[in-house]
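Engineer: To start, I am sharing the structure in question, which I have written as structure tokens.
Protein chains in written order, with this note's numbering: chain A, 253 to 356; chain B, 16 to 432; chain C, 4 to 999.
See below:
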């Protein structure tokens, strides 16, 4: 498999480390004075940490170019054929919108 | 006809023209008490135990291709019960005990061969981890021995003891571990279940579920029409998420590709199963003579049933590091299976939130060795709605409760289990 | 000692008669010529019996002339270079070649195991599934060992492979696989456009079937055209011809695996050269011109030595000038086999008869039969007469109903051709059936970027091969890097050379008729499989082992499924094919490993002072990839414990130092660095004062502890994080994930600097005194001037700067001093000099471990990926003022259950007793079992300070049980003894020593 790192060019997949589906969004960090132990907090994390669509087909997923530029990438790849249709930098794709109060 | 050397000799006289089908090829009936989705080892074993142990014989096993076409026919055939966490230890030993009587139970030679399995260690830390594990095994009444380097050398003098990057210090040895002929396990369960009247229906792909007004599952839609069912059991590892999605479920499972490899046949070389502790490589030798070996997942989600070169090279590097005598032995074939990787490396056998639908999934690396045990405990769950004592921790809600069974301690990262 | 070659033709062949090569087969001295394969040399020497089959140990000869050979397998070379199952047909002859036949005892001619043939009525497909079941114990002891001994083929050397292998990458626009007519045409077309082109050919010379077949291209002989084409390719700088290179696999993204046999054609690779080279060829386009494989017909006696593929007979005659027989019979269902008749006739070989299943002959065929005076019989072969040494005659079943026996010493058979669809099916594409040529051709779902041309695509005429090759090469070049014109396609003299074929798969006969030669699968085995319900081709393969031999089914797969189609009443396309998998040809495992073996299996990371430590005789321990000094023995110290005890005592009473450079080090910089660390650590770091260090704990999102370490604040916007040695890489990757993916809004940068700093822990009550001899005297190192957990950059005597951290893992007053890694060695030497007045010693990882256990610090064995902060006794560190990774999931019910196993101290009641890691904790008086297993010992050491073995453990409700006596149960080592659960901090629990 060849992944076209937007910073380094096309490289063999052995240079990269896989994380998984890029769709789940990490629930935002919260300010602890506002809503700690809020109901649904654990359910939201259960969904994020454990449940997967496990797509058979086109899937966007995280790869880390540890053998190159150390960038996290979002790779659009077909899990049935391994064909890659796009690769881009993963800036800020993984977390739910940060609430202003979370900036400590 | 009962299989034995005598029936074989009699058949030889008539040119083997009298053998009948190993299992029938029935048309699906309109309704079964239990429908099992998936004609792999687990599905067929479940049907066998439903019929044999729980007296439920109006059972169909639906297979979208040919039986054994999934992971049952693509694994590296190893059986062992060297697990250390509560939940796993007892279950895999239950399975091991069923392996030990399988041929007699099924009247089919599945070539269960207890030539032993050794997990090598290369550091004090690994030795300590194996001591912890081996002691758990012993406490559970399972055979285990901690061997030192001299004992390993006597057992396998051809390993690299001279100039290894990570010298072998010893190993954890389970004498009752070994291998079985994977296809024969499928055929043996099919043969035995069929004798009890279980319908094994090949080329029958499940395309959906039917429900009553309360949402209870009433059957399945298939490429061969609707089939009604009192209960439906899923045993479709590799495709669990896809089938569960038809019932509206999301699972804590990812599908990954695991490659395996076999060499050309050579004269007997390896006594049992060996796993390398300093690289991704494990190997046994089949009765035909091929070295059957593998390593780790390719590491990315895949349903393609094939892998790539980095892992093939990594595995062969491990092989050469461990036994540099295999340099001139040739790799004959490589293949890939779809691994149902759960979020803690441990299977799920449980009822689902959907009434009437039962789940057997997430087998990770343990699927083949679990076959008979999985069949028995899943059959009990389907028959009685209560989990088997040895499978009570394989719950679907354990991730919500924080009761993960994580042998490798890798957390919710399936490709690291 | 040149030996006469009775079956060598007087002239012709691509062999060098001026270079005779002596070799041995089963110890017998024989001679061939340069240019021969082992198989052609054996043919020339009149050797017909070369091996024994897998199951029945039937005598077998040479069947083919290529890499599809199922029978002529030998053990090549000897000693540690002995190589089992080597195909004689692809082994280039070299001087001194040694080959042994295999799977026979005591000799090839007299093989005891051929007794298996007597049992063949019982040994049918799958017989072993029906028997050997009683008694159960006999399987491992009796049945299986016997089966294993009989199975297998060649013997592996059993010795380490002495040769080297390497791996290489190649990149091109167009990869052409195969250098026959289509491949050469494709390479010429692509090469002329300027596209970067690689032409890979598995044979030692390019040309493919053109080396064996007659023909005329562009007005010259085929062989001359090959020479011309090669000359043109050589003149193109953008074209690379790689002979002896087999493309074996198609992987994702246009990556092709190929094996180059660099030095298999010489006795031993020259010094500093590799035996084989693994290529990863990345190609934008690929033209597969891999040709086709002629298939056998299944009839009684088709496996006798002396029965050979018709194309192979032609190859031996025309390419190698070797005569497979003197009186040749031919059995065919197609025109191609008649080329063999022509070749044999031209070479002066007698033609006994041609048996053709087709009634109609061409004018040319009739003319040839008349001119040569041989009978053409319309019929099939009923049986083959002869023995282990060869064929004596054939029994023909004529279409008229009569039988006729004809004397012959060689039978050439041709059942048609199977296009090589392997590579084009490696992405699980399914080949499609073409009725007109009775063969599978590549389907529509071949790998992206690939095009198949010529015989591999079912185009069997020379003209079509040249045309398809040219078009494919031009198209591939146009789609990748080609800019210029592809020129004109070459043209064959006889454009209407299409294949006429009347498919015949299986002929009923008297005796066994083989489908898979090596695995002894017969036509009746296929029928039996069908009867028993193994109708799917995959079931057929698995039940009978059809196609699973070293020829990978190249001879047998299509024929087997065609017979299955026949007996099950389905069509061939309905029956379908099995899945084609890499490698297309078997590949040596050594080649796939390359240089990564022995000490070079993985890189070794050396800590900065390792060279110096080695001078002092320190043994090294592997920690991940790192090599770390374990202890530093003094003269007279003969066991490790003596040295380690001394090191611990010296540090606790004086001073010692230890290289801790292997800890992961990460610079965390930027205005939001504090916020960032607050999120990844459970405790607060934004409040840490500049010039201070703090111990931090990180969780995973599932609430389990990921890693720990000390992080210092060097400046308002600069933190310096340390991680454990084991987790340095994963933590860096994780932090980058947080920074790039989760919180890009934070203005923070991360840089791994593990390799940039040499760090030594200088520990012990005299550590400050020692450092005063190293650090610039103007620096205040006093408790007030440099308090516990203080950090700052300090000038050293001599002017260079170091980072100094007052942190302690040992529990003593201690500092960590960091200098640029290249000064690590010098620093170690200077610490020895500066510390001499204080009796300084270096200490290794063992003493480090002893002191951390004495202090109850957790490490790898406790941070095992399943423990929570509270399990480790660190739950109170969690800040309540801020959110952090893992906070939410750490509160799940099972993770906060009161009966969790938590870290405690463990010490044997009998102080003389050794404690061992991995022992389990069982309450006193309880029956040992899974329900009473309450935990285990995680880490142990011999504490010289306490004068006994002590350890840490994870024990159920452990913190409530200090003082309780329990059993340490260790059945693996036959031990069971009483231990006390205690506070994990064994030494200086108040912590006064480290605060100085």
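Cβ coordinates follow ideal geometry from the N, Cα and C atoms, glycine included.
#1: Taking its Cβ as the centre, do 16 or more other Cβ atoms sit within 10 Å of residue 99/C, making it buried, or is it exposed?
#2: Looking at residue 846/C and the ligand HEM, is the gap between the Cβ and the nearest heavy atom below 7 Å?
#3: Spell out a yes or no on whether the stretch 105-121 of chain B and the stretch 160-180 of chain B are touching, meaning 3 or more CB-CB pairs, one atom from each, closer than 8 Å.
#4: Just how far apart, CA to CA, sit residue 792/C and residue 99/B?
#5: For residue 344/B, which residues in chain C fall below 8 Å Cβ to Cβ?
#6: In the DSSP assignment, find the beta strand (DSSP E) that holds residue 679/C and state where it starts and stops.
#7: What residue from 147/B, 355/B, 68/B has the CA that sits closest to residue 399/B's CA?
#8: Would residue 629/C pass as an interface residue toward chain A - the criterion being a Cβ-Cβ separation below 8 Å?
#9: So residue 762/C is in the beta strand (DSSP E); what residue range does that whole segment cover?
#10: For residue 413/C, write down the residues that DSSP places opposite it in a beta bridge.
#11: Listed from N- to C-terminal order along the chain, which residues in the stretch 308-339 of chain A have their beta-carbon within a distance smaller than 8 Å of any beta-carbon of chain C?
#12: Please classify residue 272/A: does DSSP put it in a helix, a strand, or coil?
#13: Residues in the stretch 312-328 of chain B with C-beta within 7 Å of chain A's C-beta atoms, listed in sequence order?
#14: Who does residue 153/C pair with in a DSSP beta bridge?
#15: By the three-class DSSP mapping on this structure, what secondary structure does residue 888/C have?
#16: Measuring straight from C-alpha to C-alpha, what distance separates residue 20/C and residue 48/C?
#17: Which residues in chain B have a C-beta closer than 8 Å to the C-beta of residue 555/C? List them in chain order.
#18: Whole angstroms are fine: how far does the CA of residue 293/B sit from the CA of residue 915/C?
#19: So which residues of chain C does residue 254/A contact, with C-beta pairs closer than 8 Å?
#20: With 8 Å as the threshold, decide whether the Cβ of residue 148/C is near any Cβ in chain A.
#21: Quick one: Cα of residue 813/C to Cα of residue 841/C, how far?
#22: For residue 355/A, count neighbouring C-beta atoms within 10 Å of its own C-beta (all shown protein chains included) and say buried if the count is 16 or more, exposed if not.
#23: Within the chosen definition, does the stretch 55-74 of chain C reach the stretch 552-565 of chain C through at least 3 CB pairs nearer than 8 Å?
#24: Below 9 Å on C-beta distance, what does residue 892/C contact in chain A?
#25: If you measure beta-carbon to beta-carbon, which residues of the stretch 278-292 of chain B are closer than 7 Å to chain A?
#26: Is there a Cβ of chain C sitting closer than 8 Å to that of residue 304/A, yes or no?
#27: Just checking: is the beta-carbon of residue 414/B within a distance shorter than 8 Å of some beta-carbon in chain A?
#28: Around the C-beta of residue 648/C, are 16 or more other C-beta atoms found within 10 angstroms, so that it is buried, or is it exposed?
#29: Quick check on residue 297/B: buried or exposed, where buried means 16 or more other Cβ atoms within 10 Å of its Cβ?
#30: With respect to the beta strand (DSSP E) encompassing residue 924/C, which residues constitute its N-terminal and C-terminal limits?
#31: Determine the extent of the beta strand (DSSP E) in which residue 953/C is found, giving its start and end residues.
#32: Shortest alpha-carbon distance to residue 447/B belongs to which of 163/B, 149/B, 55/B, 327/B?
#33: Does DSSP put residue 383/B in a helix, in a strand, or in coil?
#34: So, using beta-carbon positions, are residue 286/C and residue 297/C closer together than 8 Å?
#35: Alpha carbon to alpha carbon, how far is residue 5/C from residue 587/C?
#36: Residue 752/C: which of 759/C, 735/C, 575/C sits nearest, CA to CA?
Structural biologist: With the structure as the only source:
#1: Within the third chain, residue 99/C is the residue found at index 96, counting from 1. Result: exposed.
#2: Only the bare structure without any ligand can be found here, which leaves the ligand HEM out of the picture.
#3: no
#4: As a position in the third chain, residue 792/C is number 789, starting the count at 1. As a position in the second chain, residue 99/B is number 84, starting the count at 1. Those two C-alpha atoms are separated by around 40 Å.
#5: By one-based count along the second chain, residue 344/B stands at place 329. Chain C residues near residue 344/B: 87, 159, 591, 592.
#6: Position 676 of the third chain, counting from 1, holds the residue named residue 679/C. That residue, residue 679/C, is in no beta strand (DSSP E); its alpha helix (DSSP H) goes 676-683.
#7: Here residue 399/B is taken as the residue at index 384 of the second chain, counted from 1. The shortest C-alpha separation from residue 399/B is found at 68/B.
#8: Here residue 629/C refers to the residue found at position 626 when the third chain is read from its first residue. Not an interface residue.
#9: Numbered from 1 along the third chain, position 759 holds the residue referred to as residue 762/C. 760-766 is the extent of the beta strand (DSSP E) around residue 762/C.
#10: The sequence position of residue 413/C within the third chain is 410, counting from 1. According to DSSP, which records beta bridges pairwise, residue 413/C is partnered with 331/C.
#11: 314, 316, 318, 322, 323, 324, 333, 334, 335, 336
#12: Taking the first chain and counting its residues from 1, the one referred to as residue 272/A is at position 20. In this structure, residue 272/A counts as strand in the three-state DSSP scheme.
#13: 314, 315, 316, 317, 318, 319, 323, 325
#14: As a first step, residue 153/C is located in the third chain; it is residue number 150 there, counting from the start. Note: residue 153/C sits in no beta bridge, so no partner.
#15: Locating residue 888/C in the third chain gives position 885, counting from the first residue. Note: residue 888/C maps to coil in three-state DSSP.
#16: As a position in the third chain, residue 20/C is number 17, starting the count at 1. As a position in the third chain, residue 48/C is number 45, starting the count at 1. Cα-Cα distance, rounded: 14 Å.
#17: One-based indexing of the third chain puts residue 555/C at position 552. Within 8 Å Cβ-Cβ: 347, 348.
#18: Position 912 of the third chain, counted from the start, is the residue given in the question as residue 915/C. Position 278 of the second chain, counted from the start, is the residue given in the question as residue 293/B. One C-alpha to the other measures close to 34 Å.
#19: In the first chain, the residue the question calls residue 254/A occupies position 2. In chain order: 255, 256, 257, 258, 285.
#20: Here residue 148/C refers to the residue found at position 145 when the third chain is read from its first residue. Taking Cβ atoms only, chain A never reaches closer than 8 Å to residue 148/C, which makes this a no.
#21: Residue numbering aside, residue 813/C sits at position 810 when the third chain is read from its first letter. Residue numbering aside, residue 841/C sits at position 838 when the third chain is read from its first letter. Cα to Cα, the separation comes out at about 18 Å.
#22: Position 103 of the first chain, counting from 1, holds the residue named residue 355/A. Caution is warranted here: a pLDDT of 38 is assigned to residue 355/A, below 50, making its placement in the model unreliable, and the coordinate value is therefore given only provisionally. When all chains shown are included, residue 355/A counts as exposed.
#23: yes
#24: In the third chain, the residue the question calls residue 892/C occupies position 889. By Cβ distance, chain A contributes 294, 297, 298, 301.
#25: none
#26: As a working mapping, residue 304/A is identified with position 52 in the first chain. No, its Cβ sits nowhere closer than 8 Å to a Cβ of chain C.
#27: One-based indexing of the second chain puts residue 414/B at position 399. Closer than 8 Å to some Cβ of chain A, the Cβ of residue 414/B qualifies, so yes.
#28: For the purposes of this step, residue 648/C is taken as residue 645 along the third chain, with counting starting at 1. Classification for residue 648/C: buried.
#29: Here residue 297/B refers to the residue found at position 282 of the second chain. The residue in question, residue 297/B, is buried, as its Cβ has 16 or more Cβ neighbours within 10 Å.
#30: As a first step, residue 924/C must be located in the third chain, where it is residue number 921. That run of the beta strand (DSSP E) goes 923-926.
#31: Position 950 of the third chain holds residue 953/C. 951-959 is the span of the beta strand (DSSP E), which, as asked, contains residue 953/C.
#32: Beyond the ends of chain B as shown, which are 16 and 432, falls residue 447/B; an answer cannot be given.
#33: For this step, residue 383/B is matched to residue 368 along the second chain. In the structure shown, residue 383/B sits in a helix (DSSP, three-state: H, G or I).
#34: Position 283 of the third chain, counted from the start, is the residue given in the question as residue 286/C. Position 294 of the third chain, counted from the start, is the residue given in the question as residue 297/C. No, the pair does not count as a contact, with Cβ atoms beyond the cut-off.
#35: Taking the third chain and counting its residues from 1, one reaches residue 5/C at position 2. Taking the third chain and counting its residues from 1, one reaches residue 587/C at position 584. Taking the straight line joining both Cα atoms gives about 37 Å.
#36: As a working mapping, residue 752/C is identified with position 749 in the third chain. The shortest C-alpha separation from residue 752/C is found at 735/C.
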